[in-house]
Amino acid sequence: QLTSVGDSGIRSAAKLKTTRQIIISCLMFGTLVVQLLLAWLYAATIIRPHIELGNASIWVGGVLCCSGILFASYSQFAMGKNWRIGVDPDEDTELVTSGIYSKIRNPIYTACIVHGLGLLVLAPNALVLVTGLVGFYAISTYVRDIEEPYLVKLHGEKYVQYMESTGSFLPRIF
3 QLTSVGDSGI RSAAKLKTTR QIIISCLMFG TLVVQLLLAW LYAATIIRPH
53 IELGNASIWV GGVLCCSGIL FASYSQFAMG KNWRIGVDPD EDTELVTSGI
103 YSKIRNPIYT ACIVHGLGLL VLAPNALVLV TGLVGFYAIS TYVRDIEEPY
153 LVKLHGEKYV QYMESTGSFL PRIF
């Protein structure tokens, strides 16, 4: 991102208007960091699974984790210079509705959820499960209460129509 468009795309939660928005934003990104830490702790055999799922779980979990990473990268690339982490109310971006974004409004968050499911299959541990559930809550709340109201304000009726024709995390389901 930084090398291709000259901008990291990372925006601070400090510009959000309410304490609740800041907490949800920090919770969402915090759970991602904790999940990555848990993956490392599992790989280093510091935490152990609570349920043994067998060797197939390594393949299934690995495929889900890698798919999540690849899908997130693809989705970020498809956004181009308009990709952001976080909301900056003072910034205008173009509405991207082509490619994967013609079917799903939030494919990067979908990819994070897929990655989290993969991690849970790889390391079926209560910590991983709780972190994944908190992460899903934070992502869905962030999208509903922070990101989409900002995009409706920025793009108006065009974004409302886009919401009506696409799914939030899966094509026309959520």
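With the sequence shown counted from 1, adding 2 to any position gets you the numbering used here. From the three backbone atoms N, C-alpha and C, an ideal C-beta is built for every residue, glycine too. None of these values were measured; they are calculated from a predicted model.
- Within the same chain, no residue comes within 7 Å of E159 by CB-CB distance, once the 5 residues on both sides are set aside.
- Separation of S27 and V145 (C-alpha to C-alpha, rounded to the nearest whole angstrom) is 10 Å.
- Where R22 is concerned, the enclosing alpha helix (DSSP H) starts and stops at T21 to A45.
- When the five nearest sequence neighbours on each side are left out, the beta carbons in the same chain lying within less than 6 Å of the beta carbon of G63 are those of G120, V123 and L124, in order along the chain.
- Between R107 and S170, the C-beta gap is smaller than 7 Å, which places the two residues in contact.
- Around the beta carbon of P109, 16 or more other beta carbons lie within 10 angstroms, which makes this residue buried.
- DSSP assignment within the stretch 95-170 yields the following whole alpha helix (DSSP H) runs of 4 residues or more, N-terminal first: 109-124, 128-144, 150-157 and 159-167.
- N84 has its alpha-carbon roughly 6 Å from the corresponding atom of T95.
- In its chain, beyond the 5 residues on either side, L29 and T33 have a beta carbon closer than 8 Å to the beta carbon of V136.
- Taking the C-beta atoms as reference points, V36 is found nearer than 7 Å to T133.
- In the displayed model, I60 falls within a helix according to three-state DSSP.
- For the pair N127 and I49, the CB atoms are nearer than the 7 Å cut-off.
- With 16 or more neighbouring CB atoms inside 10 Å of its own CB, I148 falls in the buried class.
- Out of L129, T99 and I24, the CA that lies nearest to the CA of A41 is found in L129.
- When C-alpha distances from R22 are compared across A140, M165 and G70, the shortest belongs to A140.
- C-alpha of L172 to C-alpha of L55: approximately 27 Å in a straight line.
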